[in-house]
């Protein structure tokens, strides 16, 4: 049976509490996707990094992986660093189709939800 | 007439395209809030910084300002850097009530929207 994994790719931070929303997001997705893998990966300061996360999903039998950058803006990390890392992952796992989404902050429904939060906060 | 401003506080980046979702978010909020100010401020690499944004809203007649950290996780920038900057802003503008929201990524509706985006991306 084919498996299609999702890797939520975040920046990483020194404070472990920083990752809490990413863990909650992964839990939501796991609930929605049954036995399809959903894992986290980080650019720096936290582990695993993206190559390790891809290797883990490949070892678990994924023949397709979608990397979703959980960033608001698409700056150097998403436009320059991430494609280089993804290229290395593709070279290491030529049998796995690895695709990369645009950053979640570019999605209009995400921005609508953020706007709704701001409006609730300001009352 | 009292004015209550919103300041969307982001990290900042070298690539000016990074700020595009923040601009779109500000535009959505301006559409919803009439003549109440909605502006951006950045921790580093972009301008204005938060003290400049607060000074501008105070000069525009705001007697209340809500700062919303547009971050997913609450790490050192939100837990340590931001409160220090907000304290300086409060000292500089004692007549303005400055409040600070939790990071937008802690909001469940925001995480639901991000999860929905991920599910659409993976098909």
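Residue numbers (the numbering used here), protein chains in the order written: chain A, 1 to 123; chain B, 124 to 246.
We put the CB at the ideal spot given by N, CA and C, even for glycine.
Values in this document were obtained by computation on a predicted structure and should not be read as measured data.
Fill in: CA-to-CA distance, residue 182/B to residue 127/A, given in whole angstroms
This structure gives no information on residue 127/A, because the portion of chain A shown stretches from 1 to 123.
Practice prompt. Output the distance between the C-alpha atoms of residue 218/B and residue 11/A, rounded to the nearest integer angstrom.
Written response: Within the second chain, numbered from 1, the residue matching residue 218/B stands at position 95. Within the first chain, numbered from 1, the residue matching residue 11/A stands at position 11. Cα to Cα, residue 218/B sits roughly 37 Å from residue 11/A.
Worksheet item: Are residue 231/B and residue 117/A touching if we call contact CB-CB under 7 Å?
Response: Mapped onto the second chain, residue 231/B falls at position 108. Mapped onto the first chain, residue 117/A falls at position 117. No, these two residues do not count as a Cβ contact at 7 Å.
Discussion item. For the segment 17–29 of chain A, list every residue whose C-beta sits within 8 Å of some C-beta in chain B, in sequence order.
Written reply: 17, 18, 19, 20, 21, 22, 24, 25, 28, 29
Item to complete: Kindly identify the DSSP beta-bridge partner or partners of residue 62/A.
Response: Position 62 of the first chain, counted from the start, is the residue given in the question as residue 62/A. Answer by DSSP bridge pairing, in chain order: 3/A.
Item to complete: State yes or no: is the C-beta of residue 70/A within less than 7 Å of the C-beta of residue 145/B?
Response: Along the first chain, read from residue 1 onward, the residue named residue 70/A stands at position 70. Along the second chain, read from residue 1 onward, the residue named residue 145/B stands at position 22. In this structure, residue 145/B does not lie closer than 7 Å to residue 70/A by Cβ.
Fill in: Span of the alpha helix (DSSP H) around residue 164/B
As a working note, residue 164/B is residue 41 in the second chain. Where residue 164/B is concerned, there is no enclosing alpha helix (DSSP H), although the beta strand (DSSP E) it sits in stretches over 161–165.
Worksheet item: Along chain B, which residues have their Cβ under 9 Å away from the Cβ of residue 14/A?
Response: Numbered from its first residue, the first chain carries residue 14/A at position 14. Chain B residues near residue 14/A: 198, 199.
Item to complete: Could you tell me whether any Cβ in chain A is nearer than 7 Å to the Cβ of residue 234/B?
Response: Translated into positions along the second chain, residue 234/B becomes position 111. So yes, residue 234/B belongs to the interface.
Item to complete: Report the neighbours of residue 129/B on chain A: residues whose CB is nearer than 9 Å to its CB, in chain order.
Response: For this step, residue 129/B is matched to residue 6 along the second chain. The contacting residues are 118, 119, 121, 122.
Worksheet item: Count the other CB atoms within 10 Å of the CB of residue 83/A; is the residue buried (16 or more) or exposed (fewer)?
Response: On the first chain, residue 83/A is found 83 positions in, with the first residue counted as 1. Exposed, since its Cβ has fewer than 16 Cβ neighbours within 10 Å.
Worksheet item: Any idea if residue 191/B is buried or exposed, counting beta-carbon neighbours within 10 angstroms, 16 or more meaning buried?
Response: Here residue 191/B corresponds to residue number 68 of the second chain, with the count starting at 1. When all chains shown are included, residue 191/B counts as buried.
Discussion item. I need the boundaries of the beta strand (DSSP E) containing residue 220/B, first residue and last residue.
Written reply: On the second chain, residue 220/B is found 97 positions in, with the first residue counted as 1. Its beta strand (DSSP E) spans residues 220–223.
Practice prompt. Measure from the alpha carbon of residue 197/B to the alpha carbon of each residue in 19/A, 89/A, 3/A, then state which is nearest.
Written response: Here residue 197/B is taken as the residue at index 74 of the second chain, counted from 1. For the residues 19/A, 89/A, 3/A, the minimum Cα distance to residue 197/B belongs to 19/A.
Discussion item. Please state the DSSP three-state secondary structure of residue 25/A.
Written reply: The residue you call residue 25/A lines up with position 25 of the first chain. Residue 25/A: helix per DSSP, three-state reduction.
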